[in-house]
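See below for the structure under consideration.
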Amino acid sequence: MEAVFDDLDAYFKAFGYTLFLFLVAGVLSTLLGTLLAAFRVSPVSVLRLAGTVYVNLVRNTPLVIVFGLFTFMAPYLGIHFRWVDVHIGTFDFTSFFSVAVVSLSLYTAAFVCEAIRSGINAVPLGQAEAARAIGLPFTGVMRQVVLPQAFRASVPPLASVQIALIKNTSVAYVFGVAEAVSRMRITTNNFPSQRLGIFIMFAFGYIVLVELFSFLANRLERRWRIA
Amino acid sequence: MSTAGVLYDAPGPRTRARHRLYAVLSAIALLGALAWAIWKLYDNGQFEYELWEPFITPAYIEALLVDGLLVTLKMAFTAILGAVVLGFALGVCKLSDRSWIRWPAWAIVEFFRAMPVLLLMIFLWYLIGIEKDASSYWAVVLALTLYNGSVLAEVLRAGVLAVPRGQSEAAYAIGMRKTQVMNIVLMPQAVKIMLPALISQCVVALKDTALGYAISAPGLTAVAKQIFTAFNNRVPTMLVVAAIFIIVNLLLGWLATWAQKKFVGEKKPRLVVPMVGQDGGGGVAI
Chain A
721 MEAVFDDLDA YFKAFGYTLF LFLVAGVLST LLGTLLAAFR VSPVSVLRLA
771 GTVYVNLVRN TPLVIVFGLF TFMAPYLGIH FRWVDVHIGT FDFTSFFSVA
821 VVSLSLYTAA FVCEAIRSGI NAVPLGQAEA ARAIGLPFTG VMRQVVLPQA
871 FRASVPPLAS VQIALIKNTS VAYVFGVAEA VSRMRITTNN FPSQRLGIFI
921 MFAFGYIVLV ELFSFLANRL ERRWRIA
Chain B
318 MSTAGVLYDA PGPRTRARHR LYAVLSAIAL LGALAWAIWK LYDNGQFEYE
368 LWEPFITPAY IEALLVDGLL VTLKMAFTAI LGAVVLGFAL GVCKLSDRSW
418 IRWPAWAIVE FFRAMPVLLL MIFLWYLIGI EKDASSYWAV VLALTLYNGS
468 VLAEVLRAGV LAVPRGQSEA AYAIGMRKTQ VMNIVLMPQA VKIMLPALIS
518 QCVVALKDTA LGYAISAPGL TAVAKQIFTA FNNRVPTMLV VAAIFIIVNL
568 LLGWLATWAQ KKFVGEKKPR LVVPMVGQDG GGGVAI
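This is the structure we're talking about:
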């Protein structure tokens, strides 16, 4: 445990990368997942099929394999991320980070899509029928009746998906991002006798992130819950 | 969609024509993107015969299926067996009336659910001893047991709580003891309700065995690594491995749907598995 306390800067920097991975991939996966959900519930049959195929393929592939596929395939498709060269403080965001973010987003988007779709399915049909019956136009039905309820219903599953994303950022270690698990391995290699303490410290870091996010999601859910 | 749904009213003839136009346009766009990606890969020589040769050579197919898939399935199966046992123990403890049993179980479940499996896996690998034989194999199995066991404890609790209240009330009313109520009345019904969730958890466990790649554990990823280092065919190998995982997981998914229909019925009682750090609310296997 002292090994971690002696080098707290490295510890926090590693979790900084974890947090950045989570934040960027969280936003991207939510955007992509919403688009996919729109595909899956659209009246256009081809888009529905495309959404279903994507979700079923990605959901059943291990994240490591998704990382591998994207990492190895991207150069052939002309996706290089050489232009990504951002430095904020002591953090460097380069191509490794970008590849990890895109892989995480592609994977998580499939789950986000399902969470949003379950939210839409949770809206009783009568709500839409009543809204149409009183003469609301399509946009009115959507904006004032269906989407607010669907959004509220999808908050809990969306939160679980994002919590899983926090934990899944650890896979980025396998593909060369210096995040928390990578730091944990370095520290354990240097101080093998303290492995239990080191493990507890790093597990604690993840638990804090997860519980913090869970707490916020819970607050939001309570505030938005339909009475 | 022939009838009106929550989102869209029943389409008229003009809307249907418009949707057909959109369908054609989006089909062209999507197929175009796919064709472009395939052409790019082809252009870069990723469909050359030499790169795909191992996957039509019997010896390598055998290696993939026997040393790869079979070992992976064995790891996942052992882990799930362990996880079911652990999950039952922890789940029953979490349902206990005594707080000194409930709290430790709660703490264990929250601890293992809130951390990445990979972190746990690497720690267990160090704990067992990196240099020892099969240490990575057991690290994967143990890590998956602990993680999935904690998730299943939560699923079990949710399953027991999803049994209608009247069932336990009636059992108490005819004079059953607490253990009898649990064993004879609640558990059999809870297990039926949880079965689909349990099979979905098998998919999660099977997918997570691939994390063993990080600690060079045996299984599909290890065989894949050997193949792509020997033939330098990373993209074809990844595609083949992904296809194997997808096929097995889809089969498991169909099994879960079948179990749902057979044991639970169409109207499913909502199984509320709370997410980490929460008492209620929804959750999903990921």
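Protein chains in written order, with the working numbering: chain A, 721 to 947; chain B, 318 to 603.
Yeah, the Cβ is synthetic: ideal placement off N, Cα and C, and Gly gets one too.
Supposed close pair residue i, residue j - CB separation, criterion 8 angstroms
{"i": "Ala431(B)", "j": "Ile808(A)", "result": "Not quite, the Cβ-Cβ distance comes to about 27 angstroms (not below 8 angstroms), so this is no contact."}
{"i": "Pro857(A)", "j": "His336(B)", "result": "The pair is not a contact, with the Cβ atoms about 18 angstroms apart (cut-off 8 angstroms)."}
{"i": "Met904(A)", "j": "Leu436(B)", "result": "6 angstroms"}
{"i": "Leu783(A)", "j": "Asn888(A)", "result": "6 angstroms"}
{"i": "Asn465(B)", "j": "Val521(B)", "result": "7 angstroms"}
Nearest residue (CA-CA) to residue i, options the options
{"i": "Gly771(A)", "options": "Phe871(A), Arg939(A), Glu834(A) and Arg943(A)", "result": "Glu834(A)"}
{"i": "Arg768(A)", "options": "Ala344(B), Arg419(B) and Pro553(B)", "result": "Ala344(B)"}
{"i": "Leu469(B)", "options": "Val565(B), Trp442(B) and Ile397(B)", "result": "Ile397(B)"}
{"i": "Asp326(B)", "options": "Val775(A), Gly855(A) and Phe871(A)", "result": "Gly855(A)"}
{"i": "Lys292(B)", "options": "Leu381(B), Trp369(B), Thr462(B) and Ser413(B)", "result": "One cannot answer for residue 292(B) here, as it falls past the ends of chain B, which runs 318 to 603."}
{"i": "Gly367(B)", "options": "Leu567(B), Ala547(B), Ile563(B) and Ile564(B)", "result": "The sequence given here places Glu at residue 367(B); Gly does not occur at that position. Checking every option, the nearest Cα to that of Glu367(B) belongs to Ala547(B)."}
{"i": "Gly668(B)", "options": "Leu338(B), Glu370(B), Val458(B) and Thr332(B)", "result": "No answer is possible for residue 668(B): the residues shown for chain B start at 318 and end at 603."}
{"i": "Ala451(B)", "options": "Tyr359(B), Ala534(B) and Leu382(B)", "result": "Ala534(B)"}
{"i": "Pro505(B)", "options": "Gly492(B), Phe580(B), Gly446(B) and Ile564(B)", "result": "Phe580(B)"}
{"i": "Phe871(A)", "options": "Glu899(A), Val747(A) and Asn841(A)", "result": "Asn841(A)"}
{"i": "Ile883(A)", "options": "Thr462(B), Ile447(B), Leu342(B) and Met592(B)", "result": "Met592(B)"}
{"i": "Leu826(A)", "options": "Leu789(A), Ile836(A) and Thr859(A)", "result": "Leu789(A)"}
{"i": "Glu471(B)", "options": "Ala400(B), Met493(B), Ile491(B) and Trp455(B)", "result": "Ala400(B)"}
{"i": "Asp525(B)", "options": "Glu379(B), Ala393(B), Phe429(B) and Tyr443(B)", "result": "Ala393(B)"}
{"i": "Ser880(A)", "options": "Val590(B), Ala490(B) and Ala346(B)", "result": "Val590(B)"}
{"i": "Pro844(A)", "options": "Thr859(A), Val822(A), Ala829(A) and Ala873(A)", "result": "Ala873(A)"}
{"i": "Cys519(B)", "options": "Ile418(B), Val565(B) and Phe405(B)", "result": "Val565(B)"}
{"i": "Ser765(A)", "options": "Ala424(B), Leu342(B) and Ile373(B)", "result": "Leu342(B)"}
{"i": "Ala406(B)", "options": "Val383(B), Val434(B), Leu463(B) and Thr389(B)", "result": "Leu463(B)"}
{"i": "Met511(B)", "options": "Gly408(B), Leu523(B) and Trp369(B)", "result": "Gly408(B)"}
{"i": "Trp423(B)", "options": "Lys449(B), Ser467(B), Leu461(B) and Met438(B)", "result": "Ser467(B)"}
{"i": "Phe704(A)", "options": "Met793(A), Leu755(A) and Ser890(A)", "result": "No answer is possible for residue 704(A): the residues shown for chain A start at 721 and end at 947."}
{"i": "Val894(A)", "options": "Phe792(A), Phe759(A) and Phe787(A)", "result": "Phe787(A)"}
{"i": "Cys410(B)", "options": "Val521(B), Arg419(B), Ile563(B) and Gly404(B)", "result": "Arg419(B)"}
{"i": "Ala898(A)", "options": "Phe817(A), Leu929(A) and Val822(A)", "result": "Phe817(A)"}
{"i": "Ile799(A)", "options": "Lys357(B), Pro433(B), Val388(B) and Leu382(B)", "result": "Lys357(B)"}
{"i": "Ile425(B)", "options": "Ala376(B), Leu403(B) and Ile544(B)", "result": "Leu403(B)"}
{"i": "Ala723(A)", "options": "Thr859(A), Glu931(A), Arg915(A) and Gly925(A)", "result": "Arg915(A)"}
{"i": "Arg942(A)", "options": "Val875(A), Ala820(A), Phe922(A) and Ile906(A)", "result": "Val875(A)"}
Contacts that residue i makes with chain B (C-beta to C-beta distance below 7 angstroms)
{"i": "Gly788(A)", "result": "Met555"}
{"i": "Arg852(A)", "result": "Asp326"}
{"i": "Leu756(A)", "result": "Per Cβ cutoff of 7 angstroms: no residues; Leu756(A) is ~13 angstroms from chain B at best."}
{"i": "Leu777(A)", "result": "Ile563"}
{"i": "Ala734(A)", "result": "Here the premise fails: no neighbours, minimum Cβ distance about 12 angstroms."}
Proximal chain B residues relative to residue i, where beta-carbon distance stays under 9 angstroms
{"i": "Gly746(A)", "result": "Within chain B, no residue comes near Gly746(A); the closest Cβ sits about 14 angstroms away, beyond 9 angstroms."}
{"i": "Leu845(A)", "result": "Ala321, Gly322 and Val323"}
{"i": "Met904(A)", "result": "Leu436, Ile439 and Phe440"}
{"i": "Val901(A)", "result": "Pro433, Leu435, Leu436, Ile439 and Ala531"}
Proximal chain A residues relative to residue i, where beta-carbon distance stays under 8 angstroms
{"i": "Ser343(B)", "result": "Val764, Val766, Leu767 and Ala770"}
{"i": "Ile355(B)", "result": "Within chain A, no residue comes near Ile355(B); the closest Cβ sits about 10 angstroms away, beyond 8 angstroms."}
{"i": "Arg551(B)", "result": "Gly788 and Phe792"}
{"i": "Phe562(B)", "result": "Asn780, Thr781, Pro782 and Ile785"}
{"i": "Pro371(B)", "result": "Residues of chain A passing the Cβ test: none, with the nearest at roughly 16 angstroms."}
{"i": "Lys524(B)", "result": "Asn780, Thr781, Pro782 and Leu783"}
{"i": "Leu567(B)", "result": "Asn776 and Asn780"}
Interface residues of chain B facing residue i [CB-CB closer than 8 angstroms]
{"i": "Arg915(A)", "result": "Phe440, Tyr443 and Leu444"}
{"i": "Tyr893(A)", "result": "Leu435 and Ala531"}
Within chain A, partners of residue i - CB distance below 7 angstroms
{"i": "Ala559(B)", "result": "Thr781, Ile785 and Leu789"}
{"i": "Gln363(B)", "result": "Tyr796"}
{"i": "Tyr500(B)", "result": "The sequence as given places Asn at residue 500(B); Tyr does not occur at that position. The premise fails here: Asn500(B) is roughly 31 angstroms from chain A at the closest Cβ pair, so nothing lies under 7 angstroms."}
C-beta neighbour in chain D for residue i, strict 7 angstroms
{"i": "Tyr926(A)", "result": "Given the protein chain composition of this structure (A and B), no chain D is represented."}
Residue i: contacting residues in chain A (beta-carbon distance under 9 angstroms)
{"i": "Thr538(B)", "result": "Pro782, Val784, Ile785 and Gly788"}
{"i": "Lys495(B)", "result": "Under the 9 angstroms cutoff, chain A gives no residues; its nearest Cβ is about 31 angstroms from Lys495(B)."}
{"i": "Leu463(B)", "result": "Simply none; closest approach about 12 angstroms."}
{"i": "Tyr339(B)", "result": "Ser762, Pro763, Val764, Val766 and Leu767"}
{"i": "Leu528(B)", "result": "Pro782, Leu783, Val784, Ser890, Val891 and Val894"}
ask   = What are the start and end residues of each continuous alpha helix (DSSP H) run of 4 or more residues lying completely inside the region 778-827 of chain A, in chain order?
value = 783-793
query = What are the start and end residues of each continuous alpha helix (DSSP H) run of 4 or more residues lying completely inside the region 881-926 of chain A, in chain order?
reply = 900-910
ask   = Can you give, in chain order, each stretch of the alpha helix (DSSP H) that sits fully within the region 456-523 of chain B and has at least 4 residues?
value = Listed in chain order, they are 482-490.
request  = Mind listing, in chain order, the continuous alpha helix (DSSP H) runs of no fewer than 4 residues lying wholly within the region 373-449 of chain B?
outcome  = 375-379, 388-411, 416-430 and 434-445
request  = Run through the region 833-890 of chain A for me and flag every whole alpha helix (DSSP H) of 4 or more residues, listed as ranges in chain order.
outcome  = 845-853 and 867-888
Contained alpha helix (DSSP H) runs [length at least 4] in the region 532-578 of chain B, N- to C-terminal order = If only uninterrupted alpha helix (DSSP H) runs of at least 4 residues are considered, those enclosed by the region 532-578 of chain B are 537-548 and 551-576.
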